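Engineer: Anchor point for the sequence shown: position 271 equals 335 in our numbering, and the numbering is continuous, going up by one each time. We put the beta carbon where it would ideally sit given N, CA and C, even for glycine. Note that this is a predicted model, so its numbers are computed, not measured.
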Amino acid sequence: MTSKSCTLIGAPVQSGASQPGCVMGPDAFRTARLAETLGDLGHSVRDIGNVTASDLPDVTHANGAIHDLAQTVAWAKALESAAFDAAQSSDMPIFLGGDHSLSIGTVPGIARHWASKDRPLFVLWLDAHPDFHTLDSTSSGNLHGTPVAYFSGLPDFDVYPPLAAPVDPANLCMLGIRSVDPAENAALAEREVDVSDMRAIDEHGIAAPLRAFLERVRKADGALHVSLDVDFLEPSIAPAVGTTVPGGATFREAHLVMEMLCDSGLVTSLDMVELNPFLDERGRTASLMVDLCASLMGRKVLDRQTKRF
């Protein structure tokens with residue numbers, strides 16, 4: 065991989081989750097030497113610190129289960145602006161979460177940037193959950209379950225910031241899904257989103273659906289945003305997340321995904337989300353996430369071309 069300019073943006077968001085602790089995520093990534101790791105791979109790294117959200121809007125919704133709506137909307141506005149600015153000045157903005165509601169801001173900001181370049185944005189969603197709830201359909205009220213539905217342009221998000229460039233649902237790929245609510249299932253089927261759940265991965269492997277998706281991105285001359293949730297991973301190797309779901313990606317499956325993404329040369333931005341250091345074991349989850357980022361950014365076991373079979 066050629067050297068890239070990387071910008072680290074902290075997003076200490078926890079308003080979208082039910083369990084506190086994600087607010088410590090950005091500093092845990094820093095403590096796990098993310099910047100130094102990327103620098104050792106030959107990339108230039110700039111850490112601009114943590115985004116802050118202020119001026120809470122006066123917003124409400126009829127769904128009484130929803131909590132921290134004003135805080136989440138404030139974060140969305142702040143992160144959309146930060147993501148747009150970072151994409152204009154950096155080859156690789158990397159957002160350090162924070163719960164997955166941060167993507168309510170990061171993905172629209174990245175999409176606005178690429179729309180200004182007349183290039184479509186594709187999103188690879190690495191998660192146990194599709195996060196495809198609307199504000200009406202969520203029963204938990206946890207807004208980290210809404211970002212994909214929102215930035216894909218589904219209705220019922222009038223209180224969220226208006227989208228400058230919605231992501232076409234046809235440009236989504238979800239890998240590792242294994243916990244889907246009925247309302248999400250119906251919405252995903254209606255829009256024919258590309259979803260490979262863990263059963264499909266068990267039957268066919270993780271490389272085939274990813275390879276097909278990357279080919280679609282390449283043919284469209286698209287930019288690719290990757291959103292990596294800790295709960296994409298098997299909890300036994302990544303315990304530091306408040307939404308553990310058994311049966312996740314293994315150590316090697318996760319690294320293979322990152323190595324294939326690196327080989328593709330298509331990734332232009334990255335979310336690293338849902339790290340809750342309060343639930344970690346001596347930093348093992350933070351270290352694994354940093355290692356996965358390193359694989360995405362060019363770390364190899366041996367300096368050789370990967371054989372194609």
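Is SER167 helix, strand or coil by DSSP?
Structural biologist: Looking at SER167 - three-state DSSP - the assignment turns out to be helix.
Engineer: What is the residue span of the beta strand (DSSP E) that ALA350 lies within?
Structural biologist: Premise fails: ALA350 lies in the alpha helix (DSSP H), 348–360, not in any beta strand (DSSP E).
Engineer: For ALA287, which of helix, strand or coil comes out of DSSP?
Structural biologist: ALA287 falls in the strand class under three-state DSSP.
Engineer: Please classify ALA129: is it buried, with 16 or more other beta-carbons within 10 angstroms of its beta-carbon, or exposed?
Structural biologist: Flag for ALA129 reads exposed.
Engineer: Would you tell me roughly how many angstroms separate the C-alpha atoms of PHE373 and ALA271, rounded to the nearest one?
Structural biologist: Low confidence applies to PHE373: its pLDDT is 46, below 50, so where it sits in the model is not reliable enough to give any reading.
Engineer: Can the beta-carbon of LEU160 be found closer than 8 Å to that of PHE93?
Structural biologist: For LEU160 and PHE93, yes; Cβs fall inside 8 Å.
Engineer: Confirm, please, whether the CB-CB distance from GLY103 to PRO90 is below 8 Å.
Structural biologist: Result no, Cβ atoms of PRO90 and GLY103 do not sit closer than 8 Å.
Engineer: Based on the DSSP secondary-structure assignment, which residues constitute the bridge partners of LEU190?
Structural biologist: The partner list for LEU190 (beta bridge, DSSP) reads LEU239 and LEU292.
Engineer: Bridge partners of ASN114, per DSSP?
Structural biologist: BP columns for ASN114 point to GLY74.
Engineer: Which residues in the same chain have their Cβ closer than 6 Å to the Cβ of THR307, if we skip the five residues on either side of it in sequence?
Structural biologist: Hits under 6 Å: ASP295.
Engineer: For a quick check, are the C-beta atoms of GLY209 and VAL77 less than 8 Å apart?
Structural biologist: No, these two residues do not count as a Cβ contact at 8 Å.
Engineer: I need the DSSP call for GLY379, collapsed to helix, strand or coil.
Structural biologist: As displayed, the chain neither begins before 65 nor continues past 373, which places residue 379 out of reach and without an answer.
Engineer: Classify SER79 as buried or exposed, calling it buried when 16 or more other Cβ atoms lie within 10 Å of its own Cβ.
Structural biologist: Per the 10 Å Cβ criterion, buried.
Engineer: Less than 8 Å between the C-beta atoms of ALA138 and ASP111, yes or no?
Structural biologist: Not a contact, by the Cβ cut-off of 8 Å.
Engineer: Which residue's Cα is closest to the Cα of PRO303: PHE277, ARG275 and LEU339?
Structural biologist: Residue LEU339 is the option with its Cα nearest to PRO303.
Engineer: Which same chain residues end up closer than 7 Å to LEU352 when comparing Cβ atoms and leaving out the 5 residues on each side of it in sequence?
Structural biologist: Excluding residues within five positions, the ones whose Cβ falls inside 7 Å are ILE301 and ALA302.
Engineer: Using only CA atoms, which one of VAL305, PHE186 and LEU274 lies nearest to GLN83?
Structural biologist: With distances taken between Cα atoms, GLN83 lies closest to VAL305.
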